[in-house]
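Numbering (this note's numbering), first residue to last: 30 to 513.
Even glycine gets a Cβ: it sits at the ideal position worked out from N, Cα and C.
From a predicted model like this one, the values you see are computed outputs, not experimental measurements.
Everything below concerns the one structure shown next.
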Ligand code: UDP
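Here it is as structure tokens:
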């Protein structure tokens with residue numbers, strides 16, 4: 030087990046919290062924001078990463094400057110040393126190995142902390158990822174309270190709580206191929222969801238599917254926790270948060286965490302006001318390129334940190350974007366494309382001129398990009414962090430979801446909040462072109478009006494008297510009272 034102590038606090042009587050995210054960018058990033066906020070409130074933060082991710086974090090960020098008071102600990106990811114740790118099977122393999130190897134690693138870590146002197150002894154509370162429910166078993170062995178942090182939207186978690194009911198009511202497995210069939214048995218979402226909007230774990234072909242059964246069990250374990258943290262906003266997901274409240278002793282809606290963290294860091298003139306790339310190195314040159322573009326003229330295109338696309342999908346997107354005649358900034362991670370072809374190979378095969386309005390980067394400073402005045406829209410995979418970041422920036426979206434919660438988020442964006450279009454289950458250059466034109470030209474005013482309203486709700490929630498700020502304070506006080 031590798032251990033790196035960035036620095037330790039001198040005081041001995043500080044509440045010590047252990048943060049344990051699932052080892053993926055979309056989980057680590059909001060966990061780091063939360064840990065920063067609690068560290069700012071005087072807590073000692075111990076943060077667990079896999080060894081692989083810890084090295085990436087060290088390599089791509091100035092973590093000594095950004096997290097001066099954190100203690101980072103790392104554990105093996107349980108994968109063989111020659112595993113590529115990228116590509117389409119990485120998350121599936123990581124998911125499987127985490128269920129086997131993380132439980133003993135957490136136990137070993139807590140045992141070693143028990144021996145420590147000073148503020149980094151056993152934590153008073155573990156904030157664990159809501160998809161690693163085994164954490165609560167280990168925490169209970171050490172008599173430490175657990176708060177789960179589920180990094181998805183409240184809408185999505187509410188649906189997870191109804192997987193058993195979907196089976197009981199005969200909605201799952203689907204009886205036919207009609208993916209537009211409404212789903213009517215989830216309270217509060219009767220007129221919103223279709224089959225195609227359910228979180229895509231599998232296509233729900235079999236009620237005994239091990240992944241479906243795994244999530245049913247995993248979700249029910251969450252309710253054993255002392256509380257549930259959600260990276261969301263009462264004024265945006267209120268009805269779902271209230272409903273979730275019936276399952277939990279406490280629900281803390283404290284999002285958007287990236288914005289709350291930035292606001293509090295700015296107020297305290299901390300060195301860390303913007304985000305770093307976390308697991309990737311940000312290419313900041315694109316900000317200069319954006320500076321040269323007219324207001325609201327550029328479409329930002331990014332599909333997050335995990336999903337993979339085929340060469341054919343890339344080509345459809347590329348032609349759709351080029352045919353829309355809009356400028357675009359497109360993040361193509363080195364591992365985005367499945368197979369051996371690179372984006373360079375794909376572009377070489379195209380007629381010249383296809384990319385003349387576009388810029389490709391391998392990883393962007395996304396929060397800064399979205400808040401740049403040149404950005405007029407976001408073609409996104411609808412990961413929850415990206416969705417929140419776009420909401421805060423007031424940027425309307427074209428959603429192209431691929432897996433898990435993305436299917437739900439995209440439906441909320443298009444049908445509940447009405448700040449974008451949902452392009453799920455299609456991949457066609459003419460649809461891409463049409464939706465880009467709709468977003469950036471034809472429906473522009475209407476979209477911008479709803480996006481601005483939603484942005485105001487998100488931004489108000491992180492003000493000192495805003496709901497998320499108040500909920501964060503409650504969380505802080507509740508953890509402090511555990512300490513005493
Ligand atoms: N991100 C980034 N630069 C990029 C692409 C993504 O900083 O070029 C960040 C983005 O700001 C977000 C996270 O990576 O916070 C992706 O999380 P999300 O939940 O949107 O999707 P996931 O990667 O989990 O699919």
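Item to check | Proximal residues to residue 368 (C-beta, below 8 angstroms), its chain only, five neighbours per side dropped | outcome: Position 339 of the chain shown, counting from 1, holds the residue named residue 368. Here residue 368 has 339 and 340 as same chain residues with Cβ atoms under 8 angstroms from its own Cβ, once five neighbours each way along the sequence are excluded.
Item to check | Neighbour-count burial assignment, residue 506, 16 or more Cβ in a 10 Å radius | outcome: By 1-based counting over the chain shown, the position of residue 506 is 477. The residue is exposed, with fewer than 16 neighbouring Cβ atoms inside 10 Å.
Next on the checklist: With distance defined between alpha-carbon atoms, name the residue in 397, 399 and 363 nearest to residue 389.
Outcome noted: The sequence position of residue 389 within the chain shown is 360, counting from 1. For the set 397, 399 and 363, the Cα lying nearest the Cα of residue 389 is the one of 363.
Next on the checklist: Could you compute how far the alpha carbon of residue 104 sits from the alpha carbon of residue 78?
Outcome noted: Taking the chain shown and counting its residues from 1, one reaches residue 104 at position 75. Taking the chain shown and counting its residues from 1, one reaches residue 78 at position 49. About 6 angstroms.
Item to check | CA nearest to the CA of residue 476, picked from 349, 444, 400 and 453 | outcome: One-based indexing of the chain shown puts residue 476 at position 447. For the residues 349, 444, 400 and 453, the minimum Cα distance to residue 476 belongs to 444.
Checklist entry - Is it right to say residue 302 is buried, meaning 16 or more other beta carbons lie within 10 angstroms of its own, or is it exposed? => result Position 273 of the chain shown, counting from 1, holds the residue named residue 302. Low per-residue confidence applies at residue 302: pLDDT is 46, beneath 50, and the placement is therefore not dependable, though the value from the model is reported in the following sentence. It counts as exposed.
Next on the checklist: So for residue 306, helix, strand or coil by DSSP?
Outcome noted: The residue you call residue 306 lines up with position 277 of the chain shown. Coil.
Item to check | Own chain, CB closer than 6 angstroms to residue 47, minus 5 neighbours either side, in chain order | outcome: The residue given as residue 47 occupies position 18 in the chain shown. 75, 152 and 155, listed in sequence order.
Next on the checklist: Here's the rule I'm using: 16 or more other beta-carbon atoms within 10 Å means buried, otherwise exposed. How should residue 414 be labelled?
Outcome noted: Against the chain shown, residue 414 aligns to sequence position 385. Its Cβ being crowded by 16 or more others within 10 Å, residue 414 is buried.
Next on the checklist: Please report the distance separating the alpha-carbon of residue 207 from that of residue 225.
Outcome noted: For the purposes of this step, residue 207 is identified with residue 178 of the chain shown, where counting begins at 1. For the purposes of this step, residue 225 is identified with residue 196 of the chain shown, where counting begins at 1. Looking at the two C-alpha atoms, the distance is approximately 9 angstroms.
Next on the checklist: Taking 8 angstroms as the threshold (C-beta atoms), are residue 461 and residue 350 in contact?
Outcome noted: For this step, residue 350 is matched to residue 321 along the chain shown. For this step, residue 461 is matched to residue 432 along the chain shown. A contact, by the Cβ cut-off of 8 angstroms.
Checklist entry - What's the call for residue 121, buried or exposed, on a 16-neighbour Cβ count within 10 Å? => result Within the chain shown, numbered from 1, the residue matching residue 121 stands at position 92. Counting C-beta atoms within 10 angstroms of its own C-beta, residue 121 has fewer than 16 neighbours from the protein chains shown and is therefore classed as exposed.
Checklist entry - Within 7 angstroms: the Cβ of residue 147 and any heavy atom of ligand 1? => result Your numbering for residue 147 matches position 118 in the chain shown. No - ligand 1 has no heavy atom lying nearer than 7 angstroms to the Cβ of residue 147.
Checklist entry - Heavy atom of ligand 1 less than 7 angstroms from the Cβ of residue 12, yes or no? => result Outside the displayed span of the chain (30 to 513) sits residue 12, for which this structure offers no information.
Next on the checklist: Given the structure, does residue 331 come close to ligand 1, in the sense that its CB is under 7 angstroms from one of the ligand's heavy atoms?
Outcome noted: The residue you call residue 331 lines up with position 302 of the chain shown. Yes, Cβ of residue 331 sits closer than 7 angstroms to a heavy atom of ligand 1.
Checklist entry - Between the C-alpha atoms of residue 406 and residue 305, what's the straight-line distance to the nearest angstrom? => result Working through the chain shown from its first residue, we reach residue 406 at position 377. Working through the chain shown from its first residue, we reach residue 305 at position 276. Using only the alpha carbons, I get a separation of about 22 angstroms.
Item to check | residue 100, enclosing beta strand (DSSP E) - first and last residue | outcome: Looking up residue 100 in the chain shown gives position 71. Per DSSP, residue 100 belongs to the beta strand (DSSP E) from 100 to 104.
Checklist entry - What number of angstroms, rounded off, separates the C-alpha of residue 222 from the C-alpha of residue 239? => result The residue you call residue 222 lines up with position 193 of the chain shown. The residue you call residue 239 lines up with position 210 of the chain shown. The straight-line gap from Cα to Cα measures roughly 24 angstroms.
Next on the checklist: Can you tell me whether residue 58 sits near ligand 1, meaning its C-beta is under 7 angstroms from at least one heavy atom of the ligand?
Outcome noted: Translated into the one-based positions of the chain shown, residue 58 becomes position 29. Relative to ligand 1, the nearest heavy atom lies less than 7 angstroms away from the CB of residue 58.
Item to check | Within 8 angstroms, strictly: CB atoms of residue 86 and residue 251 | outcome: As a working mapping, residue 86 is identified with position 57 in the chain shown. As a working mapping, residue 251 is identified with position 222 in the chain shown. Residue 86 places its beta carbon 8 angstroms or farther from that of residue 251.
Next on the checklist: Just to check my reading of the structure: residue 422 and residue 326 have Cβ atoms closer than 8 angstroms, yes? What is that Cβ distance to the nearest angstrom?
Outcome noted: As a working note, residue 422 is residue 393 in the chain shown. As a working note, residue 326 is residue 297 in the chain shown. Wrong, their Cβ atoms sit about 15 angstroms apart, outside the cutoff.
Item to check | CB of residue 65 within 8 angstroms of CB of residue 162, strictly | outcome: Position 36 of the chain shown holds residue 65. Position 133 of the chain shown holds residue 162. No, these two residues do not count as a Cβ contact at 8 angstroms.
Next on the checklist: Need the endpoints of the alpha helix (DSSP H) that residue 149 sits in, please.
Outcome noted: As a working mapping, residue 149 is identified with position 120 in the chain shown. Careful: residue 149 lies outside any alpha helix (DSSP H) and carries neither H nor E.
Checklist entry - Taking just the CA atoms, how far does residue 170 sit from residue 182? => result In the chain shown, counting from the first residue as 1, residue 182 sits at position 153. In the chain shown, counting from the first residue as 1, residue 170 sits at position 141. Those two C-alpha atoms are separated by around 30 angstroms.
Checklist entry - For residue 237, which option in 195, 275, 253 and 262 has the closest C-alpha, if you only look at C-alpha atoms? => result Taking the chain shown and counting its residues from 1, the one referred to as residue 237 is at position 208. Comparing Cα-Cα distances from residue 237 to each of 195, 275, 253 and 262, the minimum goes to 195.
Checklist entry - Under 8 angstroms, do residue 178 and residue 277 count as touching if we go by C-beta distance? => result Against the chain shown, residue 178 aligns to sequence position 149. Against the chain shown, residue 277 aligns to sequence position 248. Remark: C-beta atoms of residue 178 and residue 277 do not approach each other more closely than 8 angstroms.
Next on the checklist: Could you check whether the Cβ of residue 335 sits closer than 7 angstroms to any heavy atom belonging to ligand 1?
Outcome noted: The residue labelled residue 335 in the question sits at position 306 within the chain shown. In this structure, the C-beta of residue 335 approaches ligand 1 to less than 7 angstroms from one of its heavy atoms.
Item to check | Residue span of the beta strand (DSSP E) that contains residue 373, given as start and end | outcome: Numbered from its first residue, the chain shown carries residue 373 at position 344. For residue 373, no beta strand (DSSP E) run applies; the uninterrupted alpha helix (DSSP H) run containing it begins and ends at 372 to 377, by DSSP.
Checklist entry - Taking the alpha carbon of residue 216 as the point to measure from, which residue in 483, 261, 271 and 425 has its own alpha carbon closest? => result Mapped onto the chain shown, residue 216 falls at position 187. The shortest Cα separation from residue 216 among 483, 261, 271 and 425 belongs to 271.
Checklist entry - Since residue 77 sits in a beta bridge, which residues does DSSP pair it with? => result In the chain shown, residue 77 corresponds to position 48, counting from 1. In the DSSP output, where bridge partners are listed per residue, residue 77 has 102.
Next on the checklist: Give me the residue from 333, 486, 463 and 319 with the minimum Cα distance to residue 266.
Outcome noted: On the chain shown, position 237 is the one that residue 266 refers to. Cα-wise, what sits closest to residue 266 is 486.
Checklist entry - Exposed or buried, residue 116, counting other C-beta atoms within 10 Å across all chains shown (16 or more means buried)? => result Counted from its first residue, the chain shown places residue 116 at position 87. Residue 116 counts as exposed, since fewer than 16 other beta carbons sit within 10 angstroms of its beta carbon.
Checklist entry - Should residue 129 be labelled buried (16 or more other beta-carbon atoms within 10 Å of its own) or exposed? => result Mapped onto the chain shown, residue 129 falls at position 100. The C-beta of residue 129 has fewer than 16 other C-beta atoms within 10 Å across all chains shown, which makes the residue exposed.
Checklist entry - What residue range is occupied by the uninterrupted alpha helix (DSSP H) comprising residue 225? => result In the chain shown, the residue the question calls residue 225 occupies position 196. No alpha helix (DSSP H) holds residue 225; DSSP gives it neither H nor E.
Item to check | Inside the region 252 to 340 only - alpha helix (DSSP H) runs reaching at least 4 residues | outcome: Positions of the alpha helix (DSSP H) runs, each at least 4 residues long and wholly inside the region 252 to 340, are given as 263 to 273, 286 to 296 and 314 to 320 in order along the chain.
Checklist entry - Contact check, residue 317 vs residue 469 under 8 angstroms by CB: the rounded distance? => result Here residue 317 is taken as the residue at index 288 of the chain shown, counted from 1. Here residue 469 is taken as the residue at index 440 of the chain shown, counted from 1. Rounded to whole angstroms, the Cβ separation of residue 317 and residue 469 is 22 angstroms, and the two are not in contact under 8 angstroms.
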